[in-house]
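Asker: Here the sequence shown stands for residues 0 to 230, where the numbers follow numbering that gives the first Met the number 0. Questions regarding the structure given below will be posed in turn.
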Amino acid sequence: MHGASTQCAPRLTAEWTIFDTAKVACTGWANGDFAEPGRIGEVRRRKVVDRPWTTLEQVHGARVVTVEHPGECSGEPADAAVSAAPGVALAVLSADCAPVALASPEGVIGVAHAGWRGLRAGVIEATVQSMRRLGATRVEAVLGPCIHPCCYTFGGGDLAQVESRLGSPLAATTRSGELSLNLPAGVTVALRAAGATLLDMSRECTACSGDLWSWRSHQSKRRQATVIWCA
Ligand SMILES: [Zn+2]
């Protein structure tokens with residue numbers, strides 16, 4: 000429980016540093032809705048990292064935009080962004096889909112929004128390829144909060160499509176014993192296929208954690224953010 004003080008900023012749900020300079024932050028319920036437009040949304044974003052953010056019009060595809068100036072490409076229909084430019088902050092908004100943040104020692108950063116359709120479309124592989132075009136050698140990634148197999152009830156036909164695309168079994172069972180998709184495992188396999196490494200992930204499931212927004216568990220249109228920037 001937080002005390003009565005209003006001095007301290009709400010706790011982020013996850014934070015990482017990749018290759019010493021790339022910082023990653025994930026928000027949750029306590030930080031507010033990051034899909035909120037206008038001034039309120041801007042204030043929320045700036046509290047996490049005080050620079051213009053690039054956020055996308057996410058469409059569950061595999062398009063990657065390259066950001067050359069802070070804030071560029073905001074609102075573009077795409078599910079991933081990469082950059083080697085100073086001063087940028089790349090973000091994806093998510094409820095149950097997987098937010099992946101990536102970095103290289105050369106200072107190339109990326110972010111990808113991957114649900115099952117994105118995995119099937121190859122968004123993670125496309126993001127790593129775009130980072131390599133900007134000079135990335137080693138690519139390491141972290142996975143922010145997403146839905147976990149405990150809650151991700153999934154149809155057999157769709158599951159077979161994702162498994163066939165990634166060449167790996169991804170079936171699991173929910174807490175109540177139904178067939179489910181292991182989305183974190185799918186992200187791990189896609190990263191490996193692209194020659195990248197998953198360093199760490201948020202262990203919390205968006206649908207059952209209690210402090211994250213979830214479409215599956217409460218049909219929320221609100222979103223948490225996963226943002227990456229170079230310090
Ligand atoms: Zn769960």
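We put the beta carbon where it would ideally sit given N, CA and C, even for glycine. Fair warning: this is a prediction, and the values are worked out from it, not measured in the lab.
From which residue to which residue does the beta strand (DSSP E) around Ile17 run?
Answerer: It spans 13-17 - the beta strand (DSSP E) in which Ile17 sits, taken as one unbroken run.
Asker: Taking all protein chains shown into account, decide if Arg119 is buried (16 or more other Cβ within 10 angstroms of its Cβ) or exposed.
Answerer: By the 10 Å Cβ count, Arg119 comes out buried.
Asker: May I have the straight-line CA-CA distance separating Glu139 from Ala80, to the nearest angstrom?
Answerer: Using only the alpha carbons, I get a separation of about 15 Å.
Asker: To the nearest angstrom, how far is it from the Cα of Ala195 to the Cα of His147?
Answerer: Approximately 21 Å between the Cα atoms of the pair.
Asker: Given the structure, does His217 come close to ligand 1, in the sense that its CB is under 8 Å from one of the ligand's heavy atoms?
Answerer: Answer for His217: no, Cβ out of range of ligand 1.
Asker: Please state the DSSP three-state secondary structure of Arg221.
Answerer: Arg221: coil per DSSP, three-state reduction.
Asker: Going by C-alpha distance, which of Lys22, Ser73, Val47, Phe18 is nearest Asp32?
Answerer: When each option's Cα is compared against that of Asp32, the closest is Val47.
Asker: What is the C-beta distance between Val66 and Cys72, in whole angstroms, given that I count them as a contact (C-beta under 8 Å)?
Answerer: Contact holds; Cβ gap of about 5 Å.
Asker: By how many angstroms is the C-alpha of Ala34 removed from the C-alpha of Arg10?
Answerer: Their Cα atoms are separated by approximately 18 Å.
Asker: Once the 5 residues before and after Ser216 are set aside, which same chain residues still bring their CB inside 6 Å of it?
Answerer: Here the set comprises Ala206.
Asker: Ligand 1 heavy atoms versus the CB of Ser208: any closer than 8 Å?
Answerer: The answer is yes for Ser208.
Asker: Mapping DSSP to helix, strand and coil, what is Leu92?
Answerer: Of the three classes helix, strand and coil, the one that applies to Leu92 here is strand, per DSSP.
Asker: Whose CA, out of Trp28, Val91, Leu180, Val127, lies closest to the CA of Val58?
Answerer: Of Trp28, Val91, Leu180, Val127, the residue nearest in Cα terms is Val91.
Asker: Report the rounded CA-to-CA distance for His68 versus Gly27, giving the unit in angstroms.
Answerer: Approximately 27 Å, taken between the alpha carbons.
Asker: Nearest-angstrom Cα distance between Arg202 and Leu133?
Answerer: If I take the Cα positions, the gap works out to 31 Å.
Asker: When the Cα atoms are used, what is the spatial distance from Thr187 to Val99?
Answerer: Spanning the two alpha carbons is a distance of roughly 10 Å.
Asker: What residue ranges within the stretch 36-91 form continuous beta strand (DSSP E) runs of no fewer than 3 residues, ordered along the chain?
Answerer: DSSP runs (the beta strand (DSSP E)) wholly in the stretch 36-91: 63-65, 79-82.
Asker: Using a Cβ-based criterion (distance less than 8 Å to any ligand heavy atom), does Arg174 qualify as near ligand 1?
Answerer: Checking every heavy atom of ligand 1 against the Cβ of Arg174, one is found closer than 8 Å.
Asker: Work out the CA separation of Thr225 and Ser219 for me, nearest whole Å.
Answerer: Answer to the nearest angstrom: the Cα atoms are 17 Å apart.
Asker: So, Glu124 versus Ala193, is the Cβ gap smaller than 9 Å?
Answerer: Yes.
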